[in-house]
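A short worksheet on the structure shown next.
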Amino acid sequence: MTATTRQRGAFVLLGGVQATLIFTLAAISVPLPRIGREFGLQRSDVILLSAAYGLTFAGLLLFGGRLADRYGGRPTLTAGLALFAAASAAAPLAPGIEALLAARFAQGAGAALSAPAAMAVLRALFPSPAAYGRAMATWGGLSVLGATAGNLLSGVISTLLSWRWNFAVPLLVAGAALALAPRLLPDTAPSGGRALDLPGAALATSGITLASYGLVVTDGRPWSSADVLVPLLSGAALLAAFWRAERRVRDPLLPPRFLLDRRRALALTAIALTACGTAMTFVILSLHLQQERGWSALRTSAAFAPFAAALLVSGRAAGPLIARYGARAVTAAGLGTAGAGLALLALGGLDTDTSYASGLLPGLVLLPAGTAASFAGAAVLATDGVPREQSGLAGGVMNTAMEFGPTVLFAVVLTLGGDASSLAVTGTSLAALAALTALSRRPS
Numbered sequence: 450m451t452a453t454t455r456q457r458g459a460f461v462l463l464g465g466v467q468a469t470l471i472f473t474l475a476a477i478s479v480p481l482p483r484i485g486r487e488f489g490l491q492r493s494d495v496i497l498l499s500a501a502y503g504l505t506f507a508g509l510l511l512f513g514g515r516l517a518d519r520y521g522g523r524p525t526l527t528a529g530l531a532l533f534a535a536a537s538a539a540a541p542l543a544p545g546i547e548a549l550l551a552a553r554f555a556q557g558a559g560a561a562l563s564a565p566a567a568m569a570v571l572r573a574l575f576p577s578p579a580a581y582g583r584a585m586a587t588w589g590g591l592s593v594l595g596a597t598a599g600n601l602l603s604g605v606i607s608t609l610l611s612w613r614w615n616f617a618v619p620l621l622v623a624g625a626a627l628a629l630a631p632r633l634l635p636d637t638a639p640s641g642g643r644a645l646d647l648p649g650a651a652l653a654t655s656g657i658t659l660a661s662y663g664l665v666v667t668d669g670r671p672w673s674s675a676d677v678l679v680p681l682l683s684g685a686a687l688l689a690a691f692w693r694a695e696r697r698v699r700d701p702l703l704p705p706r707f708l709l710d711r712r713r714a715l716a717l718t719a720i721a722l723t724a725c726g727t728a729m730t731f732v733i734l735s736l737h738l739q740q741e742r743g744w745s746a747l748r749t750s751a752a753f754a755p756f757a758a759a760l761l762v763s764g765r766a767a768g769p770l771i772a773r774y775g776a777r778a779v780t781a782a783g784l785g786t787a788g789a790g791l792a793l794l795a796l797g798g799l800d801t802d803t804s805y806a807s808g809l810l811p812g813l814v815l816l817p818a819g820t821a822a823s824f825a826g827a828a829v830l831a832t833d834g835v836p837r838e839q840s841g842l843a844g845g846v847m848n849t850a851m852e853f854g855p856t857v858l859f860a861v862v863l864t865l866g867g868d869a870s871s872l873a874v875t876g877t878s879l880a881a882l883a884a885l886t887a888l889s890r891r892p893s
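Per the working numbering, the sequence shown starts with residue 450, numbered consecutively.
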């Protein structure tokens, strides 16, 4: 096997892992009502089940990134994939809600180790800044591709087979990655010498998890209820304590200056907003098509096929565009295009009198085209200039923005308005951020 072939094979393996980790977020989103009926669940149990994977995933990402930097990307990736595979094998065998919840929590923990470790290995795979930048341009679109595949396939698999078969994809990908990793992935030297910031890890994990849970349960409870306020305020207090503590620790889990770079802050905001817009579109349109138009789960999944096609085409074009025009310009253009797509969906897509072709299709093409471009450009901006020993940290921060950001925005935006206005507000936010990114003076 030549060095180039091995490098390409390693990138495909790592990219497949990243896409699968996000795919697993949506693995049970479409069949959730069916699972609820099978297990006789209350609404609160269904909400917790839908959020279980994301809670541990988002909560442990920063710690997972630091573990990858300290002990090496490949060993951390292997450990994370082993846990992820074991949980993916246990989930379809679950006889009840307790076992399924435990499996989903464990899946999220495995994903939180694997995602930042994969980026640490990617940095070792492409040591030159130029090659790494090109790799990140492609990497940026893998997460939204995984989310799209999850929403498309979960409905198809659940309709034709059973919701339990949705866990076959993460199990097979994790198993293949574990088998191929020793042959394809480079050894990654651990940074060593740095103490793990365990108090910071405990504060960050607890704060993000509690705050996320508090936001998730706003779906079924008022903001003034104790079920929302207690975890939300406790999480916010823990995150404030985390930020204060990190300014005093010698080797912090998240160095405050890491987030103070203007381009990185814009990139992480772009990732969070774009992920929110995509996630809201899937949820709102899935409910609209099935509840308002009476479409089946299979037909609803098929409606997103143009979304996936536009995503692939735009993701393919993003790398050359970044090389020619710069990551900042592509990010700004992508945000503006995605905002226009959301605006089209808000203005006419949710009107039951309009046809799919004229009401939904234009937005379902513009949104993913912009999303792929903005994710690709933002990934390059977020990792530009990051030292190799902080590659895992960069992966943890990016994925945290992708998971925790949409949780915050989703709860706030849906509280402010109905379905159409939620899409419109998010589209306006993307357009405003596009203008801010374009006006940023630092070169990309």
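A virtual CB, placed ideally from N, CA and C, is assigned to each residue, including glycine. Keep in mind the model is a prediction, meaning the values are calculated, not measured.
Shown here for L634: same chain residues with a beta carbon closer than 6 Å to its own, the five before and five after excluded, namely A459, R523 and V570 in chain order. The three-state reading of DSSP puts T597 in helix, counting H, G and I together.
Assigned with DSSP and collapsed to three states, D802 falls in coil, not helix or strand. When the five nearest sequence neighbours on each side are left out, the beta carbons in the same chain lying within less than 7 Å of the beta carbon of G663 are those of V677, P680, L681 and G684, in order along the chain. The C-beta separation of G788 from T877 comes to about 7 Å, placing the pair in contact by the 8 Å criterion.
For S563, the uninterrupted alpha helix (DSSP H) segment begins and ends at I546 to L574. Judged by beta-carbon spacing, G464 lies within the 8 Å limit of L591, meaning their Cβ atoms are closer than that value.
A716 and R583 have their C-alpha atoms spaced approximately 16 Å apart. In the structure shown, R713 adopts helical secondary structure according to DSSP, grouped into three states. For P836, there is no enclosing alpha helix (DSSP H), as DSSP marks it with neither H nor E. Between the alpha carbons of G656 and S804 lies a gap of roughly 44 Å. About 3 Å separates the beta carbons of G783 and S823, which is inside the 8 Å limit, making them a contact pair. Ranked by how close their Cα comes to the Cα of A623, the residues I471, A548, V666 and I606 have I471 in first place.
Leaving aside the five residues that flank L574 on each side, the residues in its chain whose CB is nearer than 7 Å to its CB run, in chain order, Q456, A459, F460 and P635. Annotated three-state conformation of P811 is helix, per DSSP. Beyond the five residues adjoining it in sequence on each side, L688 comes within less than 6 Å, by CB distance, of G656 in the same chain, given in chain order. Put simply, the backbone Cα of P705 is about 16 Å away from that of T718. Non-local C-beta neighbours of P671 in its own chain, meaning closer than 8 Å and more than five positions away in sequence, comprise V677, ordered along the chain. Straight through space, the alpha carbons of T451 and L791 are spaced by roughly 45 Å. A Cβ-Cβ contact shorter than 8 Å links L760 with V593. Along the segment 657-691, the beta strand (DSSP E) does not occur as any fully enclosed run of 3 or more residues. In the assembly as shown, A714 is an exposed residue. Its beta-carbon has fewer than 16 other beta-carbons within 10 Å.
Judged by their CB atoms, F853 and A507 are nearer to each other than the 8 Å cut-off. Contact between A650 and F512 holds: their C-beta atoms lie close to 4 Å from each other, under 8 Å. When secondary structure is reduced to three states using DSSP, R697 falls in the coil class, being assigned neither helix nor strand. In its chain, beyond the 5 residues on either side, L510 and A564 have a beta carbon closer than 6 Å to the beta carbon of N848. The three-state reading of DSSP puts G503 in helix, counting H, G and I together.
V779 is positioned such that its CB atom lies closer than 8 Å to that of A825. In this structure, A552 sits away from A567, with a CB-CB distance that is not shorter than 8 Å. For a cut-off of 8 Å, the C-beta gap from G589 to A475 is around 19 Å, too long to register as a contact.
Here F616 is not near I546, since their CB atoms are 8 Å or more apart.
The DSSP-derived three-state label of P635 is coil. Look at L490 here: in three-state DSSP terms it is coil, with no helix or strand label.
Where V479 is concerned, there is no enclosing alpha helix (DSSP H), because DSSP gives it neither an H nor an E. Going by C-alpha positions, A766 is about 27 Å away from V732. In the three-state reduction of the DSSP assignment, G775 falls in the coil class, being assigned neither a helical nor a strand state.
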